[in-house]
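Residue numbers (our numbering), protein chains in the order written: chain G, 174 to 567; chain R, 7 to 280.
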Ligand SMILES: Nc1ncnc2c1ncn2[C@@H]1O[C@H](COP(=O)(O)OP(=O)(O)O)[C@@H](O)[C@H]1O
Ligand SMILES: [Mg+2]
């Protein structure tokens, strides 16, 4: 795959003036412009962003992430090195797009669209989609200076993604706005990825970077520390630079992979496969796995989730006091269920294997197996049945 | 050359920026566009009262038009002057005023200067239209001269854009540029024959025993040439001298090239400095 963005030995310096007031008098007195120090915001940074991936830029405050993004967007010019981009690029920087405060939302949509290279007709076609996405129909004819920062970002985001960019740059903006809008944005970004567009995000929210991005670059004080698969780089950042346990942030540690969960087989009371059991059946869930090496006392776990996302139940071998040693090669582990007391419907099984302390994942699969529970004689409402029997005592 | 192509490629954006300029100019003012005619009207009244009535400045008789009216004489020069002065003053500010855009999105920033001038050009053309109607009412058959007037307008626009590019970029780095230009604008105004005919300027000026060819020195000022050319075409109804047109064109193109060159050099750090 070819590169959507190539960053080649990029250096960017900012000038820090000793006296901010820029006056001709001062310049003449000194024979030149105000004296300044140079601040190296990006120091010889090189990396490539492949076409069609989601790429994250992470690093502490002031590490040069926004500077990098602005250089990509050509808003800033590099002092050395070059950045080549392929395809139409649209950027959404901190605090929203460049809107003119006195003009209405509508006029700004047209203006911004034109800046991003759309013709009037193209904007006409997209206008409804933009307003619809932003969710601020009632205010579209009010001057944007009366907008709240949330509305501002909504409209900015709606414009930036509806111009059909091949490359979308986003800087921290997703942190603004309510949850509903954030979800909408995340969905839209996901669908843009499916269409093969390239997305570059700068974000503080490491869990979302991890969920969204394929690859990540880590910057520190303007230097590129590391670039590569998202998991690697984020783990490196957390453990080596921030010295924190990823689990504390709700980010699962990276799976170590000695054992690989292959799938689940459902077996009926007669010992034969029963892929679609009926409520109340006695079944065995057989977890197939392959071990790369010998693992002492791994902790296997599983959970059931209904099709509407409700966690029905979960259990693991540790709480049941099972200790086992897994030898290299294929193997399986059975979970015997005397009566399958979940309501008829569709369920997903999550499978996990952890190390003996139950802290480091070995393998986790969110959707290891999906199956259907059929209706039977046992009637129930809700998601589970108690398996009880009514008795009318005379 | 690449600049020209960029202008052409982004003409849609230029149009949009000009429209934005026009829309936002009189936003939230009750009289709106009427202001753009009231402003020149008020200055015409003042200059007419002070120079035409109190000081009794005698306008030259138009040759061959035979026109002899101070207000018309004044209008033919004052309206172009206003375009020049507003164009320069507003384009100086055009980058600083649009800092929000410059810091957030990429586009050729020259367009901000061009669109500021473009917005004023629209006003200027409307004003010229009004002046032409007045001239026609006063019996000056100015219609055949419209092509010449448009050539002058084009040259003047190029000149103003050139100066605008030069000064707007400089103003981002040295904010005194605007104050300095505010200071010299009236000097330019009174050293250009707008409220008085050039014939009031003595051919030579004797000072400390030396004689200075004042009228010739005046002739170096492209604004003097420009105003003279407008008056030739509109007031006197005659073809401006070819060397005058050539002189204006050389200045206009020279200023545009210089302005673009300086702008390109200063554009590099614009988003950080603005
Ligand atoms: N216009 C500017 N002038 C001077 N220094 C700047 C400017 N913009 C950013 N910086 C400095 O450059 C460094 C990197 O900034 P930035 O790219 O915004 O970092 P990040 O987005 O990673 O927080 C910071 O130390 C910041 O203070
Ligand atoms: Mg930042």
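Here a beta-carbon is modelled for each residue, glycine too, at the ideal position from N, C-alpha and C.
Practice task
Could I get the ranges of all uninterrupted beta strand (DSSP E) runs contained in the segment 355-420 of chain G, with 3 residues as the minimum, in chain order?
Solution key: 371-375, 388-393 and 396-402
Practice task
Enumerate in chain order the residues of its own chain whose CB-to-CB distance from residue 71 of chain R is below 6 Å, with the five nearest sequence positions on each side excluded.
Solution key: Taking the first residue of the second chain as position 1, residue 71 of chain R is located at position 65. Cβ-Cβ distances below 6 Å link residue 71 of chain R to 146, 242 and 243 in the same chain, with the five nearest sequence neighbours on each side left out; the list follows chain order.
Problem - Which residues DSSP lists as bridging residue 343 of chain G, in chain order - result: To locate residue 343 of chain G, count along the first chain from 1; it is residue 170. Per DSSP, G:265 and G:374.
Practice task
Tell me whether residue 119 of chain R counts as near ligand 2, meaning its Cβ is closer than 7 Å to at least one heavy atom of that ligand.
Solution key: Along the second chain, read from residue 1 onward, the residue named residue 119 of chain R stands at position 113. It does not: the Cβ of residue 119 of chain R is nowhere closer than 7 Å to a heavy atom of ligand 2.
Practice task
Write down every uninterrupted run of the alpha helix (DSSP H) in the segment 85-117 of chain R whose length is 4 residues or greater and which is fully enclosed by it, in chain order.
Solution key: Qualifying alpha helix (DSSP H) stretches, in chain order: 105-110.
Practice task
Flag residue 233 of chain G as yes when its Cβ comes closer than 7 Å to any non-hydrogen atom of ligand 2, and as no otherwise.
Solution key: Walking along the first chain from the start, residue 233 of chain G turns up at place 60. The answer is no for residue 233 of chain G.
Problem - Through-space distance from residue 414 of chain G to residue 210 of chain G, alpha-carbon basis - result: For the purposes of this step, residue 210 of chain G is taken as residue 37 along the first chain, with counting starting at 1. For the purposes of this step, residue 414 of chain G is taken as residue 241 along the first chain, with counting starting at 1. Their backbone Cα atoms lie some 28 Å apart in a straight line.
Practice task
Mind the definition here: the segment 428-437 of chain G touches the segment 452-472 of chain G only if three or more C-beta pairs lie below 8 Å; say whether that holds.
Solution key: yes
Problem - For residue 429 of chain G, the three-state DSSP class (helix, strand or coil) - result: To locate residue 429 of chain G, count along the first chain from 1; it is residue 256. Residue 429 of chain G: coil per DSSP, three-state reduction.
Handout entry: Residue interval of the beta strand (DSSP E) (run including residue 460 of chain G)
Key = On the first chain, residue 460 of chain G is found 287 positions in, with the first residue counted as 1. Run containing residue 460 of chain G: 456-464, per the beta strand (DSSP E) assignment.
Problem - Nonlocal neighbours in the same chain, by C-beta distance under 8 Å from residue 183 of chain G, ignoring five residues either side - result: Walking along the first chain from the start, residue 183 of chain G turns up at place 10. These residues qualify, in order along the chain: 215, 217, 218, 219, 241, 244, 251, 253, 254, 255 and 256.
Problem - residue 91 of chain R to residue 308 of chain G span [Cα, whole Å] - result: The residue you call residue 91 of chain R lines up with position 85 of the second chain. The residue you call residue 308 of chain G lines up with position 135 of the first chain. So the two alpha carbons sit approximately 44 Å from each other.
Practice task
Check the Cβ of residue 277 of chain R against every Cβ in chain G and list those closer than 9 Å, keeping chain order.
Solution key: Position 271 of the second chain, counted from the first residue, corresponds to residue 277 of chain R. By Cβ distance, chain G contributes 243, 248, 249 and 250.
Problem - residue 520 of chain G: first and last residue of the uninterrupted beta strand (DSSP E) it sits in - result: Position 347 of the first chain, counted from the first residue, corresponds to residue 520 of chain G. From DSSP, the beta strand (DSSP E) with residue 520 of chain G extends over 518-527.
Handout entry: CB contact check: residue 32 of chain R to chain G, cutoff 8 Å
Key = Position 26 of the second chain holds residue 32 of chain R. Answer no: the Cβ-Cβ gap between residue 32 of chain R and chain G never drops below 8 Å.
Problem - Any non-hydrogen atom of ligand 1 closer than 7 Å to residue 278 of chain R Cβ - result: Taking the first residue of the second chain as position 1, residue 278 of chain R is located at position 272. Yes - ligand 1 has a heavy atom lying nearer than 7 Å to the Cβ of residue 278 of chain R.
Practice task
Over the uninterrupted beta strand (DSSP E) stretch that includes residue 475 of chain G, give me the two end residues.
Solution key: Translated into the one-based positions of the first chain, residue 475 of chain G becomes position 302. Where residue 475 of chain G is concerned, the enclosing beta strand (DSSP E) stretches over 472-479.
Handout entry: First and last residue of the uninterrupted alpha helix (DSSP H) at residue 251 of chain R
Key = Numbered from 1 along the second chain, position 245 holds the residue referred to as residue 251 of chain R. Per DSSP, residue 251 of chain R belongs to the alpha helix (DSSP H) from 248-273.
Exercise for the section: Could you tell me which of G:401, G:508, G:281 and G:538 sits nearest to residue 521 of chain G, measuring between CA atoms? Expected result: Mapped onto the first chain, residue 521 of chain G falls at position 348. Residue G:538 is the option with its Cα nearest to residue 521 of chain G.
Exercise for the section: Could you have a look at residue 508 of chain G and say whether DSSP puts it in helix, strand or coil? Expected result: Taking the first chain and counting its residues from 1, the one referred to as residue 508 of chain G is at position 335. If DSSP states are grouped into helix, strand and coil, residue 508 of chain G belongs with the strands.
Handout entry: Per-residue burial, residue 93 of chain R [other beta carbons within 10 Å of its own, 16 or more giving buried]
Key = Numbered from 1 along the second chain, position 87 holds the residue referred to as residue 93 of chain R. Classification of residue 93 of chain R: buried, given that the 10 Å Cβ count is 16 or more.
Handout entry: Alpha-carbon to alpha-carbon, residue 340 of chain G and residue 262 of chain G
Key = To locate residue 262 of chain G, count along the first chain from 1; it is residue 89. To locate residue 340 of chain G, count along the first chain from 1; it is residue 167. Using only the alpha carbons, I get a separation of about 5 Å.
Practice task
Could you please tell me which residues of the segment 318-347 of chain G, in chain order, have their CB closer than 7 Å to any CB of chain R?
Solution key: Correct list: empty, as no residue qualifies.
Practice task
In the DSSP assignment, find the beta strand (DSSP E) that holds residue 500 of chain G and state where it starts and stops.
Solution key: Position 327 of the first chain, counted from the start, is the residue given in the question as residue 500 of chain G. Where residue 500 of chain G is concerned, there is no enclosing beta strand (DSSP E), given that its DSSP letter is neither H nor E.
Practice task
Return the residues of the segment 88-108 of chain R that lie within a Cβ-Cβ distance of less than 7 Å from chain G, sorted by chain order.
Solution key: 106 and 107
Practice task
Using DSSP bridges, identify the partner residues of residue 295 of chain G.
Solution key: For the purposes of this step, residue 295 of chain G is taken as the residue at position 122 of the first chain. Paired residue(s): none; residue 295 of chain G is not in a bridge.
Exercise for the section: Quick one: using the 10 Å Cβ neighbour count with 16 as the cut-off for buried, is residue 318 of chain G buried or exposed? Expected result: Residue numbering aside, residue 318 of chain G sits at position 145 when the first chain is read from its first letter. For residue 318 of chain G, the number of other beta carbons within 10 angstroms of its own is below 16, and it is reported as exposed.
Exercise for the section: Just mark residue 190 of chain G as buried or exposed, buried being the case when its beta carbon has 16 or more other beta carbons within 10 Å. Expected result: Your numbering for residue 190 of chain G matches position 17 in the first chain. So residue 190 of chain G counts as exposed.
Practice task
Please confirm whether any heavy atom of ligand 1 lies closer than 7 Å to the CB of residue 254 of chain G.
Solution key: Taking the first residue of the first chain as 1, we reach residue 254 of chain G at position 81. Answer for residue 254 of chain G: no, Cβ out of range of ligand 1.
Exercise for the section: Quick one: which unbroken alpha helix (DSSP H) runs of 4-plus residues sit fully inside the segment 167-236 of chain R? Chain order, please. Expected result: 182-196 and 220-226
Practice task
Please compile the residues from chain R whose C-beta is within a distance smaller than 8 Å of the C-beta of residue 283 of chain G.
Solution key: Within the first chain, residue 283 of chain G is the residue found at index 110, counting from 1. By Cβ distance, chain R contributes 22.
Handout entry: Interface partners of residue 112 of chain R on chain G, CB under 7 Å
Key = By 1-based counting over the second chain, the position of residue 112 of chain R is 106. By Cβ distance, chain G contributes 246, 247 and 248.
Handout entry: Meets three-Cβ-pair contact criterion under 8 Å: the segment 35-54 of chain R and the segment 119-137 of chain R
Key = yes
Practice task
Compute every distance between the C-beta of residue 393 of chain G and the non-hydrogen atoms of ligand 2, then say whether any falls below 7 Å.
Solution key: Translated into positions along the first chain, residue 393 of chain G becomes position 220. Because no heavy atom of ligand 2 lies under 7 Å away, the Cβ of residue 393 of chain G does not count as near it: no.
Exercise for the section: In the DSSP assignment, find the unbroken beta strand (DSSP E) run with residue 486 of chain G in it and report its ends. Expected result: Looking up residue 486 of chain G in the first chain gives position 313. Element bounds for residue 486 of chain G: 484-489.
Problem - Cβ-Cβ separation, residue 477 of chain G to residue 526 of chain G (assumed contact under 8 Å), whole Å - result: Indexing the first chain from 1 puts residue 526 of chain G at position 353. Indexing the first chain from 1 puts residue 477 of chain G at position 304. The Cβ separation is near 17 Å, so there is no contact.
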